[in-house]
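Sequence positions in the sequence shown follow my numbering and run 437 to 688.
Backbone N, C-alpha and C fix where the C-beta goes; we use that ideal spot for every residue, glycine too.
Here the structure is laid out as structure tokens; the discussion comes afterwards.
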Amino acid sequence: MSLAAANKAEFNKMAAEYDLKPAFLKINAQLAEAIRDRLEWIGIDWVSEEDKPEDGKEIHLLDYACGTGVVSRALGPYVTHTLGIDISPGMVAKFNEHAQKAGLDPERIHAVEGDLCSDPPTVSSTEASSTNFDIAVVCAGFHHFNDTELATKRLAERLKPGGVLVIIDFLNPSGTQGQVPEDVKHMVKVAGFDEPTMRRLFEGAGLVDFNLWVMPEKVVLEREKDGKTTRLERTVFFARGGSRLNSYCVLP
Ligand SMILES: C[S@@+](CC[C@H](N)C(=O)[O-])C[C@H]1O[C@@H](n2cnc3c(N)ncnc32)[C@H](O)[C@@H]1O
């Protein structure tokens, strides 16, 4: 079974419980807070709920590998339109259920099933081919992808000029922790990424102004195996890069 197919199957199984596990709730709260604290660093000309009606400005977010919508919820007040994409229909259904329960307009926020990392991309929405996103974010998804180079390119090409890509994932752990545990190898490609790798991915996709920030507070992953719970501390990084603004040829 391919990595993508395994992810689809495993996250479908987890979808119903995903938002109920205390360890995930804690991590999601940590990530949401860090995302909101880093709005300036991300560098988008955000809207806020108050200024929406006045200037009618639109900010479009692509939440890729969206899961149940942690990033979309954290950035919700600062964007006008959100598209979530995830390979798991179970996670997509949970994302849409949360949005519906919050009374949000599906025209403004919804998720669809899709895989932009496959060749060709498979996505059940034409909106996913838009090249007009102000910001694309992948949170805790990159270590699940088979081809991060292709993924970075596919996301970068969906940004409008001046748009920003943000990848949130685990910093490459050292020693034995750097190995992917045997029981998750079918769905996790690598344990983490280092700064040079992320820079190479961003620059290879034509993005500029690369920057990587390491979250000071660690997150704790819990894994259940054979009735035993193991806890793994992980360091999280945020990497950002922007698409070039249109440049014009200036004649001498
Ligand atoms: C650890 S969860 C993170 C979900 C969410 N971004 C969050 O921060 O809570 C990883 C997500 O990546 C999705 N995923 C894995 N491989 C994918 C792929 N090739 N394309 C799209 N989504 C994928 C999974 O279905 C899952 O929802």
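Here Trp649 carries a strand assignment [DSSP, helix/strand/coil].
The continuous stretches of beta strand (DSSP E) do not include Ala468, which lies in the alpha helix (DSSP H) extending over residues 458–473. In this structure, the beta-carbon distance from Ala572 to Gly599 falls below 9 Å. Taking the CA atoms as reference points, Ile604 sits about 11 Å from Met634. With contacts defined as CB atoms closer than 9 Å, Asn647 and Trp477 qualify as a contacting pair. In chain order, Leu586 place their CB closer than 8 Å to the CB of Asp555, counting only its own chain and leaving out the 5 sequence neighbours on each side. For Arg594 against Thr567, the beta-carbon gap comes to about 6 Å, under 8 Å, which counts as contact. Inside the region 573–646, DSSP marks whole alpha helix (DSSP H) runs of 4 or more residues at positions 584–592, 631–640, from first to last along the chain. C-alpha of Asn464 to C-alpha of Ile480: approximately 22 Å in a straight line. Per DSSP, the beta-bridge partners of Leu668 are Leu657.
Cβ-Cβ separation between Leu497 and His517: approximately 7 Å, consistent with a contact (criterion under 8 Å).
In the structure shown, the three-state DSSP call for Ile521 is strand.
Counting every other CB atom within 10 Å of its CB across the protein chains shown gives Glu549 a total of 16 or more, marking it as buried. Distance from the CA atom of Phe447 to the CA atom of Ala592, rounded to whole angstroms, is 25 Å. Nearest neighbour of Ala468 by Cα position, chosen from Ala576, Pro617, Lys493, turns out to be Ala576. Here Leu552 is buried, its C-beta having at least 16 other C-beta atoms within 10 Å. Per DSSP, Leu511 is not a residue of any beta strand (DSSP E); the alpha helix (DSSP H) it occupies stretches across 506–511. Looking from the CA of Pro525, the closest CA among Val559, Thr665, Ala538, Ile495 belongs to Val559. Pairing His579 with Gly492, the inter-Cα distance amounts to about 37 Å.
Counted as a single uninterrupted DSSP element, the alpha helix (DSSP H) harbouring Glu446 occupies residues 439–450.
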